[in-house]
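Worksheet for the structure shown next.
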């Protein structure tokens, strides 16, 4: 008599099929596909269809009543006109300045406001408050404050013997002045994201670093900063997109002036539309769309590649 079981009762060979099946089950959505149909329709009507329509109308000379296909003439005009091309350079410069300062200042404010200080909650609300004010309200307020003759900023500087510059009337300063106001108005979002990232770091890491004799500076560089990589990625992407698409603050404070010294792509597109060059303004919109996509998508992949590899 043998103690072996019949073939039908023997345990099946060990395979990783259940594991693979489990992975597929975890990836599978718990909702039927038709649940996504309303969102897909809204997205298609409000984003996909207008995007493709813009690509078509950028190749035409159009009005409300008719259109004439002219190929890439609008894009040739855009890149050959010095002021239109200059607005592209201003857009890149403005986005780099605003996003860079928001990342640095947001990180510094977050570290400071996450420490044990007096009135921490009040200071957090002070930093975040400008985010609640509309861009038009911020622009009107600082346009008055930065007035070269009667503005509060230059009056204060005059009180200490300093001759204040024309913040919004000097062609060399106008774009930078608006950029600094943009940073003041938007750094609260960056600070909030960084605070959330710092709070999410387990305290065991800081305790282990302290046991190993790491100073506060080394804990920041080797613990806080690396573990806030997702927060840093979010701040960079959001700030860069906002800087590339900025319009309301610039238009409210300077209107693109003096001359064309503070014009960005969005303001030039609006000016071309006001002048009745609808095809040229649409081509500018397409250039802006392609610019944002060409910068943000590769940058997002680059910043997240280590997270994806994990």
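In this note's numbering, the protein residues as written are 438 to 747.
The beta-carbon is built from N, C-alpha and C at its ideal position, and this holds for glycine as well.
Own chain partners of residue 568 with C-beta closer than 6 Å, once the 5 adjacent residues on each side are dropped: 625, 626
Residue ranges of each alpha helix (DSSP H) within the segment 632 to 719, 4 or longer: 640 to 648, 653 to 656, 666 to 681, 685 to 690, 702 to 711
Span separating the alpha-carbon of residue 459 from that of residue 612: With a pLDDT of 49 at residue 459, under the threshold of 50, the modelled position of that residue is not reliable, and the figure given next carries that caveat. Taking the straight line from one Cα to the other gives about 55 Å.
Contact the segment 517 to 529 vs the segment 708 to 728: 3+ CB pairs below 8 Å: yes
Same chain, Cβ closer than 7 Å to residue 717, five either side skipped, listed in chain order: 511, 514, 515, 709
Residue 671 versus residue 631: straight-line alpha-carbon distance, rounded: 9 Å
Three-pair Cβ contact test at 8 Å for the segment 577 to 591 versus the segment 683 to 702: yes
Residue 729 and residue 681 closer than 8 Å at C-beta: yes
Residue range of the unbroken alpha helix (DSSP H) whose run includes residue 578: 572 to 582
Whole-angstrom distance between residue 664 and residue 582, CA atom to CA atom: 40 Å
Straight-line Cα distance separating residue 719 from residue 394: A question about residue 394 goes unanswered here, because the residues of the chain that appear run from 438 up to 747.
Run of the alpha helix (DSSP H) containing residue 497, from where it starts to where it stops: Residue 497 -> not in any alpha helix (DSSP H); beta strand (DSSP E) instead, spanning 497 to 499.
Rounded Cβ spacing between residue 547 and residue 677 (contact assumed at less than 8 Å): The pair is not a contact, with the Cβ atoms about 19 Å apart (cut-off 8 Å).
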